[in-house]
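Participant: In the numbering used here, the protein residues as written are 1 to 84.
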Ligand SMILES: [Zn+2]
C-alpha cells in the first residue's frame, strides 16, 4: 500500500549551467552557481566579495535551489553574528 509521491522532474539541460544571482552579502549580482551532478555538489561563489559555499545537491536540484539554500545560510550566520 505504498503510496509514492512521484516528483516530475524537469530536465532541461543535464550539463552544468553557470547562473548569476544576487549576493546576500554585498548586494551585487555577481554570484555564480555551478552544479556538479557527478559529485553531487553545488558551488556558490560571489565574484565581488569572494564568499563561497558548497551545498550538497541531488539530481533534481536546480541552481536557484542551491542559491536559496545559501542565502538561508548567510542570513542565519548574520543572525547568529558569528564574528571571526
Ligand atoms: Zn558578494
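Glycine is no exception: its CB is placed at the ideal position from the N, C-alpha and C atoms.
As the structure is a prediction and not an experimental result, all values here were calculated from the model.
#1: Could you check if residue 53 belongs to the surroundings of ligand 1, using beta carbon to heavy atom distance under 7 angstroms?
#2: Please determine, among 49, 54, 73, 22, the residue with the shortest C-alpha to C-alpha distance to residue 35.
#3: Entirely within the region 12-79 and at least 3 residues each: give me those beta strand (DSSP E) ranges in chain order.
#4: Rounded to whole angstroms, what is the Cα-Cα separation between residue 86 and residue 58?
#5: Using only CA atoms, which one of 7, 20, 24 lies nearest to residue 75?
#6: Could you tell me the distance, in whole angstroms, from the CA atom of residue 7 to the CA atom of residue 60?
#7: Alpha carbon to alpha carbon, how far is residue 65 from residue 79? Give it in angstroms, no decimals.
Facilitator: Reading from the atomic positions:
#1: no
#2: 54
#3: 19-21, 31-36, 41-46, 52-56
#4: Lying outside 1 to 84, the shown extent of the chain, residue 86 is not represented and no answer is given.
#5: 24
#6: 9 angstroms
#7: 21 angstroms
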